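Engineer: Chains A and B, in that order, are what the protein sequence lines are. This note's numbering applies: residue -6 is where the first sequence begins, and numbers increase by one. This note's numbering applies: residue 3 is where the second sequence begins, and numbers increase by one. All C-beta atoms in this analysis are idealised placements derived from N, C-alpha and C, irrespective of residue type, glycine included. No experiment lies behind these values; they were computed from the predicted model shown. Take this structure, written in structure tokens, and hold onto it; I'll ask about it next.
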Amino acid sequence: MLRHRLIVLIQLSFFLLLSFVPVNLWGGDSGPQQQLEVSINHLLDVLRDETLKGDEQQNLRRERIAEVVFMQFDMRRMAKLALGRDWKGLSDAERCRFTGLFRDLLKKSYVATIDGYADEEISYRKEIIKGFKAEVKTLVISRIRGEIPLSYKLHVEEGKWLIYDVIIENVSLVRNYRSQFGPIMKKKGFIGLIAQMEKKVALAGEKKDG
Amino acid sequence: MFKKSLVILILWCSFFSASVLLVPHLCQATEPTVADGQDEFSEYDEEVGDLSDPLELVNRAIFTFNDRLHIWVLEPTARGYRKVTPSVLRTGLLNFFNNLLEPTRIINSLLQGRFKAAGETFLRFILNTTAGVGGLMDPATFEGLKSHEHQFASTLADYGVASGPYIVLPFFGPNDLRGIFGLVGDTLTCPLFFILNNDPLAAAAVQTSDTVNRTSFRLDEYEKMLSGALDPYIAVRDAYGQHQQEVLGE
């Protein structure tokens, strides 16, 4: 009788213990900062790669940067948030097209900006996790540019933490695009917005090596 | 006895599966439901700051002027300057001008009651002016003394003065009404102002050298930053607004 009670007690305490185990541990998932660090280290490898340096290698180098960077991005969510509630009224095909163009826009500006950084040190400042969302705050320490705060907002999907916003020097990328897309949507509608995006992407493609 | 173990087992299993169901990655669809949509977008619904732009038409014109000036005059000049000037000299000049901003920062830190920042900035100024040979070098940063960006605009904000409308200044770029008053204060407390003795031409020359020198460290950044913008004017205005919101916390 006593032995039985003991077994029950052990079983009860075991599953009580399990209730306090953070959800993350069950899936064996690493946290947002950990996953981010891996991507950023990959990125730094590309930026410091001697064989990719120089103007002639610019296209290839930027392709590689985009590859590494966008693997950790939830591009669809970023595009969705940047567009705002108008996203709800779009068809699947329209959403796909918009996301693709948004990615191209980011490739031109965001990737090009990263391309200018090579000797920088990244200091991880804070990791805040709230349920399915997280924010990782870093500091880019550059000899010539000083300290630049760089934060990432992430959400988790099947154990993988994906970025849905980048905040550079207190300026959110998603918010910045939203402020631009809003007036254009109002004035020219979705078709007009797409047209303007295509024009910008084509233009940037021509000027690329300028 | 068997029944009891079964009950325990069932309890355990149901608890386990309930918790597992709560884990997002195991059952979340790739496209969240419409109900979720409401929460998703609301994160970005909040209007950032209260930067109004009643002067948009004029601002846009000045913005375009500044934009052309930057791309056709400033960048090429800075690029040429960088080619012929050793980086040691450029860094020295950068340090020199940064050092001249410290007295303004000390005054404003004091006005905002930030005594620790004032003290640290004072130490920076003394160290860089003496050991840094007139501000040409920056041993203070090496010693771990941090820089505190406190200028008159932030002091005014601290005292509760609202930003006023967004104003794009020729040459100086994005600002607001409060910032313009701030600029006046900053200029009056800059040591150079006394040295140059109200000579506008000399002041313009000095300011230009400072700007060209600073730009030489950031070639192409301006263009890259705006290369992804559909409406550069709005992109800059929004970035300015967001930055002010964060830094001045209004």
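Against chain B, does threonine 92/A count as a neighbour if the rule is that its beta carbon must be under 9 Å from one of theirs?
Structural biologist: no
Engineer: What ranges does the beta strand (DSSP E) occupy inside the segment 161 to 223 of chain B, keeping only unbroken runs of at least 3 residues that lie completely in it?
Structural biologist: 168 to 171, 175 to 178
Engineer: Hey, how far is the Cα of histidine 148/A from the Cα of threonine 132/B?
Structural biologist: 50 Å
Engineer: For serine 149/B and threonine 123/B, what's the separation of their Cα atoms in angstroms?
Structural biologist: Their backbone Cα atoms lie some 7 Å apart in a straight line.
Engineer: Could you pull the start and end residues of the beta strand (DSSP E) that tyrosine 157/A belongs to?
Structural biologist: 153 to 161
Engineer: Name the one or two DSSP bridge partners that glutamate 150/A has.
Structural biologist: Lys153/A
Engineer: In chain order, what residues of the segment 206 to 232 of chain B put their CB closer than 8 Å to some CB of chain A?
Structural biologist: Phe219, Arg220, Asp222, Glu223, Lys226, Met227, Leu228, Ser229, Gly230, Ala231, Leu232
Engineer: Do serine 229/B and tyrosine 83/B come within 9 Å of each other at the CB atom, strictly closer than that value?
Structural biologist: no
Engineer: List the residues of chain B whose Cβ lies closer than 7 Å to the Cβ of alanine 105/A, in chain order.
Structural biologist: Lys226, Ser229
Engineer: Any idea what DSSP makes of glycine 185/A, helix, strand or coil?
Structural biologist: helix
Engineer: Chain A beta carbons: is any one of them nearer than 9 Å to that of histidine 245/B?
Structural biologist: yes
Engineer: Go ahead and pull the three-state DSSP assignment for tyrosine 242/B.
Structural biologist: helix
Engineer: From the DSSP secondary-structure annotation, give me the bridge partner or partners of serine 144/A.
Structural biologist: Lys130/A, Ile160/A
Engineer: List, in order along the chain, the chain B residues whose C-beta lies closer than 9 Å to that of leucine 74/A?
Structural biologist: Glu42, Phe43, Glu45, Tyr46
Engineer: Taking Cβ positions, are leucine 94/A and valine 194/A nearer each other than 9 Å?
Structural biologist: yes
Engineer: Which residue wins for smallest C-alpha separation from arginine 107/B, given the options Thr157/B, Gln209/B, Leu129/B, Thr79/B?
Structural biologist: Thr157/B
Engineer: Buried or exposed for phenylalanine 65/B, please, with buried defined as at least 16 other CB atoms from any protein chain shown within 10 angstroms of its CB.
Structural biologist: Answer is buried; the Cβ neighbour count reaches 16.
Engineer: I need the DSSP call for serine 54/B, collapsed to helix, strand or coil.
Structural biologist: Serine 54/B falls in the coil class under three-state DSSP.
Engineer: By the 7 Å beta-carbon criterion, what residues does the segment 73 to 105 of chain B contribute toward chain A?
Structural biologist: none
Engineer: Going along chain B in order, which residues have a C-beta closer than 8 Å to the C-beta of leucine 99/A?
Structural biologist: Gly230
Engineer: Are the segment 185 to 195 of chain B and the segment 69 to 77 of chain A touching by the rule of at least three beta carbon pairs closer than 8 Å?
Structural biologist: no
Engineer: Taking serine 116/A as part of the beta strand (DSSP E), name the residues at either end of that continuous run.
Structural biologist: 114 to 123
Engineer: Check the Cβ of valine 285/B against every Cβ in chain A and list those closer than 8 Å, keeping chain order.
Structural biologist: This structure cannot speak to residue 285/B, because chain B is shown only from 3 to 252.
Engineer: Pick from Glu225/B, Leu179/B, Asn100/B: whose alpha carbon is nearest that of tryptophan 74/B?
Structural biologist: Taking each of Glu225/B, Leu179/B, Asn100/B in turn and checking the Cα distance to tryptophan 74/B, the smallest one comes out for Glu225/B.
Engineer: Closer than 8 Å between beta carbons: that is the criterion. Which residues of the segment 162 to 196 of chain B meet it against chain A?
Structural biologist: So nothing in the stretch comes that close.
Engineer: Excluding the five sequence neighbours on either side, which residues of its own chain have a C-beta within less than 8 Å of the C-beta of phenylalanine 67/B, listed in chain order?
Structural biologist: Pro172
Engineer: If contacts are defined as beta-carbon pairs under 8 Å, then proline 167/B and serine 54/B qualify, I think. What distance do you get, rounded to the angstrom?
Structural biologist: 5 Å
Engineer: Name the DSSP bridge partner or partners of serine 135/A?
Structural biologist: Gly139/A
Engineer: Determine the burial state of tyrosine 242/B: buried for a count of at least 16 other Cβ atoms within 10 Å of its Cβ, exposed for fewer.
Structural biologist: buried
Engineer: Does any CB atom of chain B fall closer than 9 Å to the CB of lysine 193/A?
Structural biologist: yes
Engineer: Is it buried or exposed, serine 89/B, if we count other Cβ atoms within 10 angstroms and call 16 or more buried?
Structural biologist: exposed
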